[in-house]
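In this note's numbering, the protein residues as written are 95 to 390.
And the structure:
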């Protein structure tokens, strides 16, 4: 009987190890936030967790919108107030991140019944996209670019302004996906509260970035993460991977020169500028071959 028990334990351990290895090979990273796993592929990924910010700044979270403003009217009609009800947001930007050709946003939070009623009342049209009930609105910054909104799960909102929103909404409908390739947060560490990553090689190839000189010369991937470190400190880490060591060295020299110039400009505008300059002076740069690192 004891031999059978040992064999069963060994088989269970082998199954767990095999399943873990298979999950790793398949790229399934369950430690990535669900809002990130639901994002479609893109050249730039942005993620922000507002819950620690809300806990750290209770006055900001409880601040009421100014009466008479358009936003105050929206809050009254929909019952949704972002500083109180929005927990997480993830963005996938396609093309130049400053002026993206299209974008997809996944928002997690509390959307009361009034919010759905607000969508029904104000949408230009109600449609069905990728099997989901959806609402379409004129774009905010680009009225000619239709904005499609859907709720694939309770407490989850997806917004896409792609000309064909079906792939974005279909991707957002399931959290059982690998995280996008740009997500590189290690599983053994807590989720970052803020994260930004860009495929700079792809952006340069599309001529959205100047790839002829630093900081984009030879750049392949760049990511920035922000974590809360006990006892309540914020830690910033940035990593850029260049095509080779000389390109990384030129980029590092450019960054140090730019940081000195920016610090001098900030110190000329006290008191806020001086504080920011002091913060910038604490950034530590390091190069390991073709990889650049910055820590705060």
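Note that CB positions come from ideal geometry on N, CA and C, so glycine has one too.
- Apart from sequence neighbours up to five positions away, the residues of its chain that approach residue 265 with a beta-carbon distance below 6 Å are 134, ordered along the chain.
- Distance check between residue 259 and each of 386, 241, 184 places 241 closest, using alpha-carbon atoms only.
- The alpha-carbon separation between residue 209 and residue 279 amounts to approximately 33 Å.
- Following the DSSP letters along the chain, one finds residue 247 inside the beta strand (DSSP E) bounded by residues 241 to 247.
- In the DSSP assignment, the residues bridged to residue 229 are 220, 243.
- Residue nearest to residue 382 within the set 354, 341, 376 is 341 (criterion: CA-CA distance).
- Residue pairing of residue 140 in beta bridges, as defined by DSSP: 185, 290.
- Here residue 203 is bridged, per DSSP, to 180.
- In this chain, the beta strand (DSSP E) harbouring residue 252 covers 250 to 254.
- Around the beta carbon of residue 143, a 10 Å sphere encloses 16 or more other beta carbons of the protein chains shown; the residue is thus reported as buried.
- Listed in chain order, the non-local C-beta contacts of residue 333 below 6 Å within the same chain comprise 317, 387, local neighbours out to five positions each way being set aside.
- In the three-state reduction of the DSSP assignment, residue 318 falls in the strand class, which pools E and B.
- Residue 180 and residue 339 have their alpha carbons spaced roughly 42 Å apart.
- With the rule of 3 Cβ pairs closer than 8 Å, the stretch 196 to 203 counts as touching the stretch 244 to 263.
- Residue burial is scored here from C-beta neighbours: residue 255 has at least 16 other C-beta atoms within 10 angstroms and is therefore classed as buried.
- For residue 388, the uninterrupted beta strand (DSSP E) run begins and ends at 385 to 389, by DSSP.
- Per DSSP, reduced to three states, the secondary structure at residue 278 is coil, with no helix or strand assignment.
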